[in-house]
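Following: one structure in structure tokens, then a few remarks.
Residue numbers (our numbering): 6 to 303.
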């Protein structure tokens, strides 16, 4: 029953756009407006193609060019508007672009879409809140290197640390974020505070290997060391487990330095635990160059 209702709804929507096509009289501006309306209203790509099949030959364009053009129009509208902006149209366009990239992708890549947003988010004349909302919408539909969107990283950091004075420079690049984290970890006076910082770390772009692969500078290692200093008991060790799980599920575990960093990381944890919790056996046993399943000992 639901399938038949869905099919009927799609047919009615297509019929409506077919009538609207008749009303365009083949005029370029009206045809372009019709395509924009179809994209924004979420028409299936097959329906858009069917309508375009009856366009005058000199008005026909590849679907990916139509989608990219509608995206550019929508982003241009965001730049120009001074009042509160409704992002529903942008969300609808992103959904269509994602469908196209996933189903077909000919002539269009996710990187092209991200680049359009990066240009918007680099435009300081556009309201910062609007740029952040647009970037956040993008991350819901496409894999994104958040490092390309410093305004989004800064906004997420401010939201997670509302009582901490922060400047844009603190979060603009990896060096600034590493220095900020080092300072905040040193100032942390509880494991709960370190848990908050671990949450911030999850939202940040992945650090380069030069930082992440060195136990002396690795953000996860720094947090773990501080946790065991503050509380060598259950709370501190619990945060170490959370950090270890975080390491296993992030790019740090799959990057080019993964193998060497993993060993350094686990050795650091074992060393830290022996240092701050001498009554416990080592956190993890190293045998044949591989860590055992010693996390159960935490």
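Every residue, glycine too, gets a C-beta built ideally from N, C-alpha and C.
- The Cβ atoms of residue 44 and residue 72 sit closer than 8 Å to each other.
- Going by DSSP, residue 186 is part of the alpha helix (DSSP H) stretching over 179 to 192.
- An exposed status is given to residue 81, since fewer than 16 other beta-carbon atoms sit within 10 Å of its beta-carbon.
- In the structure shown, residue 74 falls within a helical segment according to DSSP collapsed to helix, strand and coil.
- Shown here, residue 223 sits in coil according to DSSP, grouped into three states, outside any helix or strand.
- The beta-carbon separation of residue 106 and residue 143, rounded to 13 Å, does not stay under the 8 Å limit for a contact.
- Where residue 55 is concerned, the enclosing alpha helix (DSSP H) starts and stops at 50 to 57.
- Excluding residues up to 5 positions away in sequence, 97 lie with their Cβ nearer than 6 Å to the Cβ of residue 47 in the same chain.
- Within the region 109 to 184, the complete alpha helix (DSSP H) segments at least 4 residues long are 115 to 126, 133 to 146, 155 to 165 and 173 to 176, listed from N- to C-terminus.
- A straight-line Cα-Cα distance of about 12 Å links residue 76 and residue 92.
- Per DSSP, residue 214 is one residue of the alpha helix (DSSP H) stretching across 214 to 217.
- Sequence-distant partners of residue 136 (beyond 5 residues in either direction) whose C-beta falls short of 6 Å from its own C-beta, in its chain, are 126 and 156.
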